[in-house]
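Since the structure comes first, as structure tokens, the remarks are kept for the end.
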Amino acid sequence: MRRSTAAAVGTLTGAALILGVRLSVTPPDAPVATAPVAQEQEEVAEEPEAGGTAEPTEGASKGASKGADKDDDKKDDEKAEEEETGLKAGTYKGKAVQNQYGTVQVTIKVSGGKITAANATAPTDGFSGTINPNAVKTLAAATLKSQSAEVDAVSGATFTSQSYVASLQAALDKAGA
Amino acid sequence: MRHVEQVMGTVVSIELADDLPAPRQQELIDATCTWLHEVDARFSTYKDDSEVCRFRDGTLRLEDASADLRLVLDRCADLWRDTDGYFDAYAGGRLDPSGYVKGWSVEVASQRLTAAGSTRHYIGAGGDIRMRGTGPTGGPWRVGVRHPWEADKLSWVLGVTDGAVATSGTYERGAHVFDPRTGKAASGLRSVTVVGPDLALADAYATAALAMGEAGLTWLAKKTDEGYESAAVTDDGRAFTSAGLPILS
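In the order they appear, the protein sequences are chains A and B. When we follow the numbering used here, the leftmost residue of the first sequence carries the number 1, and every step to the right adds one. When we follow the numbering used here, the leftmost residue of the second sequence carries the number 178, and every step to the right adds one.
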């Protein structure tokens, strides 16, 4: 939910304001306007359940402030250099989140102070490996027979009082009467 | 003892296979028919003074409706959610819960028969059947599934003891099932049969799958987890069955 709000605001300022409120109990360790990534990382760490309710793919596509919001402590290939706008270059992986379809993880790349790539993946290991096959389960092809057999009752598309007389069920009822 | 009754716009066939005295069996059959006619009077959408019509017209408030009507409305709402909107009691614009009422009334009739001492019987209403106990030969009831093109032939013979078999198809009353999303007549599937514990659900699932078209094959497969097995035939004659369908032949 907090992620969607941030996305709607759509600016670093918006995200920073939310974070400012959130982090009011702990002293900010960096200026809000210059290092949003670092602060947002803390937000994720504080609110692990937020990742579970957010829509990661949507988040990744909404823009810089939203994407940066996905960052957490798991940083890969982070470079130490500081860009002018405050976004550190590097590749950031979001928290792996489980939903009903499996596990989704968001990755963003930051270069030149901007998000240059964002994507969400469904890892093939673990939970998703057992869920996904069910999603494509379907009925198996069978032979359509045309047979006559002794039966107690006949199931078929609902007949009217008029069409009943011509039905197999009517013949059965007549024979059993 | 067997009996055939015209009610609810169709024909209901009843067979009791119990070893009960004939007068007792006749009483049970009479009570069953009385209930079905009562349901018809209260739930018919063709009778202006039925409870359903009075509720629909606003002259009967929900809080004044019978427990039966409220249950039917609840279940229709559940089914609307459960079928992604493909089972829709408001499909025609006005409330018509008939698609649930028929199966439910037969389900209740079978429960009442059981409570009254009949442990082996079937009630078939217009092609939708609820069975209890074993059939006349001591084995499962043998239920034929009508061939979707040849009216005098069967596609499958199923063996069912306690359970329901419901079939929805486009071959009997023409294109009477509609896809609520497109408003067009359902196409893709010619016939859908669902076997499971509750006739009202089996019937609703069969109708919903028919409305979905071929996508219904995948949807039906998910229902096997809830104990509902199925068989379906496409418009071009391909047949499909779920793994647990109780096929005898």
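Glycine included, C-beta positions come from ideal geometry on N, C-alpha and C. All values reported here derive from a predicted model rather than from experimental measurement.
Checklist entry - Of all Cβ atoms in chain B, is any one closer than 8 Å to the Cβ of A:V154? => result yes
Item to check | Near-chain A residues of the stretch 307–320 of chain B (beta-carbon distance less than 7 Å), N- to C-terminal order | outcome: G312, P313, W318, R319 and V320
Item to check | Integer Cβ distance of A:G94 from A:V110, believed to fall under 8 Å | outcome: Actually they do not touch by this definition, with Cβ atoms about 13 Å apart.
Checklist entry - How would you call A:Q169, buried or exposed, if buried means at least 16 neighbouring beta carbons within 10 angstroms? => result buried
Checklist entry - Going along chain B, which residues have a C-beta under 7 Å from A:Q105? => result Under the 7 Å cutoff, chain B gives no residues; its nearest Cβ is about 26 Å from A:Q105.
Checklist entry - For B:L246, which option in B:T359, B:T260, B:K279 and B:G262 has the closest C-alpha, if you only look at C-alpha atoms? => result B:K279
Next on the checklist: Taking 8 Å as the threshold (C-beta atoms), are B:V372 and B:E349 in contact?
Outcome noted: no
Checklist entry - Under 7 Å Cβ-Cβ, which residues of chain A neighbour B:K330? => result S146, Q147 and S148
Checklist entry - So is B:F264 in contact with chain A if we call contact Cβ pairs under 8 Å? => result no
Checklist entry - Counting along the chain, where does the alpha helix (DSSP H) carrying B:D412 start and finish? => result It is not in any alpha helix (DSSP H) - B:D412 carries neither H nor E in the DSSP assignment.
Item to check | Test item: CB-CB of A:A149 and B:G321 under 8 Å | outcome: yes
Next on the checklist: Against chain A, which members of the stretch 336–349 of chain B pass a CB distance test of less than 8 Å?
Outcome noted: V342, A343, T344, S345, G346, T347, Y348 and E349
Checklist entry - Mind pulling the beta strand (DSSP E) runs of 3 or more residues that sit fully within the stretch 243–322 of chain B? => result 298–302 and 305–309
Checklist entry - Opposite B:I206 in the DSSP bridges: which residues? => result Partner(s): none; B:I206 has no beta bridge.
Checklist entry - Just the Cα atoms here: how many angstroms apart are A:D152 and A:V97? => result 53 Å
Item to check | Interface partners of A:K137 on chain B, CB under 9 Å | outcome: T395, A398, K399 and T401
Next on the checklist: Strictly under 8 Å for the Cβ-Cβ distance: is A:S163 near chain B by that measure?
Outcome noted: yes
Checklist entry - Which chain A residues sit within Cβ distance under 9 Å of B:G143? => result Examination of residue 143 of chain B is not possible in this model, given that chain B is present from 178 through 426 alone.
Item to check | Residues near B:G360 in its chain [Cβ-Cβ closer than 8 Å; skip 5 each side] | outcome: none
Item to check | Residues bridged to A:K137 (per DSSP) | outcome: Note: A:K137 sits in no beta bridge, so no partner.
Item to check | Limits of the alpha helix (DSSP H) - the one that B:L376 falls within | outcome: L376 to M389
Item to check | Interface residues of chain A facing B:H324 [CB-CB closer than 7 Å] | outcome: S146
Item to check | Bounding residues of the beta strand (DSSP E) (the contiguous stretch that carries B:W333) | outcome: L331 to V337
Next on the checklist: So that I know if they touch, is there some Cβ in chain B lying closer than 8 Å to that of A:A142?
Outcome noted: yes
Item to check | Rounded Cβ spacing between B:L394 and B:A409 (contact assumed at less than 8 Å) | outcome: 6 Å
Checklist entry - Per DSSP, what kind of secondary structure is A:K79 in: helix, strand or coil? => result Confidence at A:K79 is low in this model, with a pLDDT of 46, below 50, so the placement of that residue should be treated as unreliable; the coordinate-derived value is given next. A:K79 falls in the coil class under three-state DSSP.
Checklist entry - Out of curiosity, what's the CA-to-CA distance linking B:G310 and B:P200? => result 21 Å
Item to check | Chain-ordered chain A contacts of B:A292 [CB-CB under 9 Å] | outcome: None at all; the shortest Cβ gap to chain A is about 22 Å.
Item to check | Buried or exposed (CB count within 10 angstroms, at least 16 for buried), B:G325 | outcome: A small correction: the amino acid at residue 325 of chain B is Pro; Gly does not occupy that position in the sequence shown. That one is buried.
Item to check | Residue nearest to B:P313 in terms of C-alpha spacing, selected from B:T296, B:F220, B:Y267 and B:D225 | outcome: B:T296
Item to check | B:Q202 versus B:M178 - alpha carbon distance | outcome: 7 Å
Checklist entry - Do we get a CB-CB distance below 8 Å when we pair B:T187 with the residues of chain A? => result yes
Checklist entry - Helix, strand or coil: how does DSSP classify B:F355 here? => result strand
Checklist entry - Which class does A:G94 belong to by DSSP, given the choice of helix, strand or coil? => result coil
Checklist entry - If you compare alpha carbons, which of B:G235, B:R233, B:Y263 and B:W318 is closest to B:W396? => result B:Y263
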